[in-house]
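Colleague: Residue numbers (our numbering): 78 to 272. Idealized CB from N, CA, C, for every residue including glycine.
(1) Helix, strand or coil for residue 34? Go by DSSP, reduced to three states.
(2) Taking 7 Å as the cut-off, decide whether the C-beta atoms of residue 235 and residue 259 are in contact.
(3) Just checking my contact of residue 205 with residue 194 at CB under 8 Å: how many whole Å lie between their CB atoms?
(4) For the ligand ZN, I want to know if residue 256 counts as a neighbour, meaning its beta carbon is within less than 6 Å of at least one of the ligand's heavy atoms.
(5) Say whether the stretch 163-179 touches the stretch 249-265, bearing in mind that this needs 3 or more beta-carbon pairs closer than 8 Å, one atom from each stretch.
(6) Spell out a yes or no on whether the stretch 209-228 and the stretch 131-144 are touching, meaning 3 or more CB-CB pairs, one atom from each, closer than 8 Å.
(7) According to DSSP, is residue 118 part of a helix, a strand, or is it coil?
(8) Leaving out five residues on either side along the sequence, give the residues of the same chain with a beta carbon under 6 Å from the beta carbon of residue 129.
(9) Please identify the residue among 122, 118, 120 and 155 whose C-alpha is closest to the C-alpha of residue 220.
(10) With DSSP collapsed to three states, give me the class of residue 98.
(11) Using the three-state DSSP reduction, which class does residue 91 fall into: helix, strand or coil?
(12) Using the DSSP secondary-structure output, state which residues sit across from residue 208 in a beta bridge.
(13) Quick check on this structure: which residue in 118, 114, 149 and 133 has the alpha carbon closest to the alpha carbon of residue 105?
(14) Just curious, the beta strand (DSSP E) that residue 196 is in, first and last residue?
(15) By how many angstroms is the C-alpha of residue 217 removed from the C-alpha of residue 153?
(16) Kindly indicate the opening and closing residues of the beta strand (DSSP E) around residue 40.
(17) For residue 254, which beta-bridge partners are listed by DSSP?
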């Protein structure tokens, strides 16, 4: 649970930093837009009697505004992408317990088995996988419209109520899932003689 709290704290801190950076870029972009609007208004006043020139200046001003908005969108998209890369997402898992074992199924679609790290302690197990962003697969100039698929480092840590037999844990990879079989450690009972 402590690792989960640390991860959630790191996610929260990363999210706050990303939001601060996005807000900074938004403010700078708004200043640029306001500056362009002021310049457009000055030109409009100077050329009030020249209808042809006014139309031309308005058209140019709106194009600049549109470019400014596109620029803001690119900055925001980049910051969101950076935020997603910086945060640690949770892996989707199913956990089943029997009398003698735990069965843990982990969803890792699009990941090769070599890209999965599993570590176990006396009462816990951690799984880490790194998902490559789809945007890196497209080399052309692009605009991300929707980005819901996990990307970056993803992990899941589970703490068990029983000790586990670390040496007997097995993991099988099949079609984007890992099935981990975790035997419980059986502690032998000792009979105590009363004197």
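Modeller: On the basis of the data shown:
(1) Outside the shown range of the chain, which is 78 to 272, sits residue 34, and nothing can be said about it.
(2) With respect to the 7 Å criterion, residue 235 and residue 259 are not classified as neighbours on the basis of their beta carbons.
(3) The C-beta distance from residue 205 to residue 194 rounds to 5 Å, short enough to fall under 8 Å.
(4) The model depicted lacks the ligand ZN and carries no ligand whatsoever.
(5) yes
(6) These segments do not touch.
(7) helix
(8) none
(9) 155
(10) helix
(11) helix
(12) 229
(13) 149
(14) Segment 193-197, the beta strand (DSSP E) holding residue 196.
(15) Taking the straight line from one Cα to the other gives about 19 Å.
(16) For residue 40 there is no data in the structure shown, the boundaries of the chain being 78 and 272.
(17) 184 and 251
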